[in-house]
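Just below is one structure, and these are the notes that go with it.
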Amino acid sequence: MKYMQKLGKSLMLPVACLPICGILMGIGYALCPATMRGGDIAGTGFWHLLGFFLVKAGSALIENMAWLFVIGVGVGMADDHDGTAGLAALASWLMITNLLAEGTVTTLIPSFSQDTAKLLAFSKIENPFIGILSGLIGAECFNRFKSVSLPEWLSFFSGKRCVAIVSGLVSVLAAFVLLLVWPVLFGVLVGIGNSIVDLGAVGAGIYAFLNRLLIPVGLHHALNNVFWFDTIGLGDLSHFWAGDTSADVSWSLGMYMSGFFPCMMFGVPGAALAMVHTAKKGRKKEAIGLVASAALCSFVCGITELFEFSFMFLAPGLYLIYALLYGIFTMVVSFVNFRAGFSFSAGATDLFFSSFMPGAANTWMILPLGVAAFAVFYAVFRFAIVKFDLKTPGRVEEDEESKQKAGGADDFARVAALILEGLGGRENICSLDNCITRLRLEVYDVEKINEERISSAGVAGVMRPGGSAVQVVIGTKVQFVADEMKKLL
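In this note's numbering, the protein residues as written are 17 to 505.
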């Protein structure tokens, strides 16, 4: 599980490249709609040419998504995030995709040229799944062979210089295995995707429910790759930002993204307000300080982790309800034909830029849908919290020591010091890393961890995935806290 969580964090690195893609393509399409509708843009004036220019700049990323996963996973999964692993991952990607290209495969095994299913599988070999696999090969080869010492006559290739070579050899073996396995795996993925697609709006709701449900273990990224990117021929996100419409694909384009907008922009703030209203007397300001910033972050940019980790382990039943609400609203959104897309997550920023895309439809409906989401999330959360006396922010018992907060929200040095103290001091820290909202640490002795002391820093929550791993949910300013902790270490 710890490995999968690290992989999930690594996948966020390439995904973080997408906002610039969405912004450029959204502005570009607004200036020059003909760019994606097939019209003639020659001689149409400066603004149309500027729009065409911006669309091409943005499409450079969306059309090479798999490459982003190669480098992102390779660097993200490597010890110390060394760029050597990224180079090794790229070498792995180039070898695997060339060895398994349709022309190469049909030359090696001529009978495959008569098998439509196998041809389709190998025609889709340059996909995010293979990109992630190549990234893992590069990272693992780096972690295992970065310090290898070779005989004197081969000493030039010792250490990091041998990583790409080993990665290439491993990639040849991986390509041989994939030659036999990939058509079968591709067929299974196509079957799963088609079964969800065949369910229409209900299938979109099931996907949204599973997406939220898998967040605690980081496996939602694997699910996202099936539906958002062109791994099996779906690619709801990639087709949306490529300027396609529902007429160009076999499903209602955007249906696997649209349902997240009312939930993240309005549902999360509604649930956050319910937490504030149900907080204990004298604890409301504390609850406001935590969930208000989380709600704003969710509304603007669609980052929900700060909110979700504030209660998912304190009240897992409530988190299950939260995931179900996503599924229900995604089904509703699919039925009413509200369509929008995101390049990063379903916040107001992505909604604005995606509204200019050809696949967008009835984006004005975010207002009634948002009002409904706010009301439903608020009512359901308030009822559940009060009825079952759930431990949400502002309702968790604390001793006097843990009520000592870390001062201002931007007092990163003090926050880092309190967290480090709660983790047992610097001598108990084995490793320190961070993702977009959380500190990720390995400690030598878990018995030295004082969660109450960590909570006194005003953090959103403390997670123990298992073994010696500890995660501290900070929010979007986690990088600053991580930097201060590194100074202390």
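Beta carbons: idealized from backbone N, C-alpha and C, even for Gly.
Quantities reported herein were computed from a predicted structural model and do not represent experimental measurements.
The closest CA to that of Arg456, considering only Ala107, Pro481, Leu406 and Thr122, is found on Pro481. With fewer than 16 neighbouring CB atoms inside 10 Å of its own CB, Trp380 falls in the exposed class.
Cβ neighbours of Trp109 within its own chain (closer than 6 Å, five residues either side excluded): Val86 and Ser150. Take Gly286, set aside five residues on each side of it, and the residues of its chain with a beta-carbon closer than 7 Å to its own are Ala389, Phe390, Ala391, Phe393 and Tyr394, in chain order. Linking Ser472 to Met280 through their CA atoms gives a straight-line distance of about 28 Å.
Residue range Val494 to Leu504 is occupied by the alpha helix (DSSP H) that includes Gln495. As far as DSSP is concerned, Asp461 takes part in no beta bridge. Short of 8 Å from the beta carbon of Val242, and not among the five residues preceding or following it, lie these beta carbons of its own chain, in chain order: Leu205, Ile208, Gly209, Ile248 and Leu250. A distance below 6 Å between beta-carbons, with the five flanking residues on each side excluded, links Arg299 to the following residues of its chain, in chain order: Gly410. Here the alpha carbons of Leu116 and Lys162 stand approximately 28 Å from one another. The shortest C-alpha to C-alpha distance from Ser350 to any of Phe315, Ser127 and Met271 is the one to Met271. The Cβ-Cβ distance between Val475 and Ile435 falls below 9 Å. In this structure, Ile382 lies near Pro278, with their beta-carbon atoms less than 9 Å apart. Of the candidates Val489, Gly477 and Ser447, Val489 places its Cα closest to the Cα of Thr453. Nearest to Val200 by C-alpha distance, out of Phe315, Cys317, Leu269 and Leu135, is Leu135.
With respect to the C-alpha of Gly203, the residue from Ile222, Leu77 and Ile141 having the closest C-alpha is Ile141.
Pro374 carries a coil assignment under DSSP once its states are collapsed to helix, strand and coil. Secondary structure of Val265 (DSSP, three-state): coil.
In the DSSP assignment, Asn210 falls within the alpha helix (DSSP H) that extends over Val179 to Asp214. The C-beta of Ala133 has fewer than 16 other C-beta atoms within 10 Å across all chains shown, which makes the residue exposed.
Contact check between the segment 358-374 and the segment 438-448: fewer than three CB pairs, one atom from each, fall below 8 Å, which does not count as touching. By alpha-carbon distance to Glu79, the top candidate from Gly343, Gly386, Trp257 and Cys451 is Trp257. Checking the DSSP bridge columns, you'll see Leu250 has no partner listed. Under the three-state reduction of DSSP, Arg411 is assigned to coil, being neither helix nor strand. Judged by DSSP in its simplified three-state form, Asn143 adopts coil rather than helix or strand. About 6 Å separates the beta carbon of Leu448 from that of Lys502, a gap short enough to meet the 8 Å contact definition. By a beta-carbon distance limit of 8 Å, Cys157 contacts Ala104. Their separation comes to about 5 Å.
DSSP places Pro49 in the coil class of the three-state scheme, outside both helix and strand.
The three-state secondary structure of Cys446, taken from DSSP, is strand. Look at Pro481 here: in three-state DSSP terms it is strand.
Between the segment 462-469 and the segment 308-323 there are fewer than three C-beta pairs closer than 8 Å, too few to call the two in contact.
With 16 or more other Cβ atoms inside 10 Å of its own Cβ, Phe138 counts as buried. By the neighbour-count criterion, in which 16 or more other beta carbons inside 10 Å mark a residue as buried, Arg160 falls on the exposed side. Separation of the CB atoms of Leu226 and Leu239 is rounded to 6 Å, and the pair is thereby assigned contact status at 8 Å. Less than 9 Å divides the Cβ of Leu40 from the Cβ of Ala73. In terms of Cβ geometry, Ala155 and Phe345 do not form a close pair [threshold 9 Å].
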